[in-house]
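Participant: The opening position of the sequence shown corresponds to residue 713 in the numbering used here, with each subsequent residue numbered one higher. All C-beta atoms in this analysis are idealised placements derived from N, C-alpha and C, irrespective of residue type, glycine included. My structure is below; once you've seen it, I'll send some questions.
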Amino acid sequence: MIERKEKNSNNNYHLALLIMKIGTTKQTEQATINDTDRETVTITLDYVIQQCGDLNRFQLLHYFFLNLLTASAGIVAYYYVYGAAEPDHRCRLPYNIWPNDQYKTINYTHEQLIGSWVSNDDKCLIYANLNLTDKIDCGTSNGWVYDRSTYGFTFTEEADMVCKSRTKRSTLATMMQSGGLFLLIIGSLGDKYGRKITASMITVIIFVICLITQIAMQWIPMSINIK
């Protein structure tokens with residue numbers, strides 16, 4: 713009876729060892745298969761797109777916000793190029809010589825008067841009298857006329873940012889480029905709050921600022937100094 717119990721216990725022990733070996737073998741085979749599958753999978757753009765899903769609301773929203781960020785930055789950059797560009801210009805003829813003077817010559821008489829009164833070597837000076845001897849600054853006399861064929865009506869023309877006021881254009885460019893200094897803190901904000909939240913927040917801020925600026929400049933009456 714005792715021998716039979718010992719045989720049964722030995723059999724159970726060997727059976728347990730066999731089951732453990734079989735389980736270990738299956739786990740090893742499964743791990744080997746998984747490792748093989750991982751090695752054979754090639755990550756391509758098509759594979760990533762399939763994992764992200766087909767074109768749907770999620771993809772469209774991200775596409776819209778990414779383009780909004782690019783468009784907002786482009787508006788800021790190109791506004792300075794066209795809004796603060798320096799078109800061709802010259803001193804305006806005195807009103808008693810030629811009323812309503814324009815940059816382009818109208819006829820031969822107009823061309824001759826421009827050649828006589830306006831200095832050829834300096835766009836900032838005009839003759840002070842009919843003797844055509846002394847020269848004065850255009851800013852203190854009749855101002856300037858501008859060529860609108862390329863840029864149209866610019867902020868440079870409205871504020872007369874030429875000659876002595878040319879430094880204002882440099883100051884404006886410096887102020888616009890100084891906005892890039894905020895990139896120093898945007899990276900830290902992205903690490904703290906996440907790239908998605910930071911990018912969305914910056915996109916909305918840039919778009920709103922550009923929109924408010926355009927509305928204020930176009931439709932709100934204000935002096936040139938306030939602008």
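Less than 8 Å between the C-beta atoms of residue 781 and residue 911, yes or no?
Facilitator: Position 69 of the sequence shown, counted from the first residue, corresponds to residue 781. Position 199 of the sequence shown, counted from the first residue, corresponds to residue 911. The answer is yes: Cβ separation under 8 Å.
Participant: For residue 801 and residue 892, what's the separation of their Cα atoms in angstroms?
Facilitator: Here residue 801 is taken as the residue at index 89 of the sequence shown, counted from 1. Here residue 892 is taken as the residue at index 180 of the sequence shown, counted from 1. If I take the Cα positions, the gap works out to 32 Å.
Participant: For residue 880, which three-state DSSP category applies?
Facilitator: Locating residue 880 in the sequence shown gives position 168, where the first residue counts as 1. Here residue 880 sits in helix by DSSP.
Participant: Determine the extent of the alpha helix (DSSP H) in which residue 818 is found, giving its start and end residues.
Facilitator: The residue given as residue 818 occupies position 106 in the sequence shown. From DSSP, residue 818 is part of no alpha helix (DSSP H); its letter is neither H nor E.
Participant: Can you give the Cα-Cα distance for residue 872 and residue 858, rounded to whole angstroms?
Facilitator: Here the question's residue 872 lines up with position 160 in the sequence shown. Here the question's residue 858 lines up with position 146 in the sequence shown. Near 10 Å, if we compare the C-alpha coordinates of residue 858 and residue 872.
Participant: May I ask which residues mark the beginning and end of the beta strand (DSSP E) holding residue 849?
Facilitator: Position 137 of the sequence shown, counted from the start, is the residue given in the question as residue 849. Its beta strand (DSSP E) spans residues 847-849.
Participant: Using a threshold of 8 Å, state whether the C-beta atoms of residue 860 and residue 811 are closer than that.
Facilitator: The sequence position of residue 860 within the sequence shown is 148, counting from 1. The sequence position of residue 811 within the sequence shown is 99, counting from 1. No.
Participant: On the DSSP bridge list, what partners appear for residue 801?
Facilitator: Here residue 801 refers to the residue found at position 89 when the sequence shown is read from its first residue. Note: residue 801 sits in a beta bridge opposite 858.
Participant: What is the rounded straight-line gap between the Cα of residue 868 and the Cα of residue 771?
Facilitator: Here residue 868 is taken as the residue at index 156 of the sequence shown, counted from 1. Here residue 771 is taken as the residue at index 59 of the sequence shown, counted from 1. Spanning the two alpha carbons is a distance of roughly 42 Å.
Participant: By alpha-carbon positions, which one of 854, 790, 829 ends up nearest to residue 846?
Facilitator: By one-based count along the sequence shown, residue 846 stands at place 134. Of the listed residues, the one whose Cα sits closest to residue 846 is 829.
Participant: Where does residue 985 sit, in a helix, a strand or coil, going by DSSP?
Facilitator: Lying outside 713 to 939, the shown extent of the chain, residue 985 is not represented and no answer is given.
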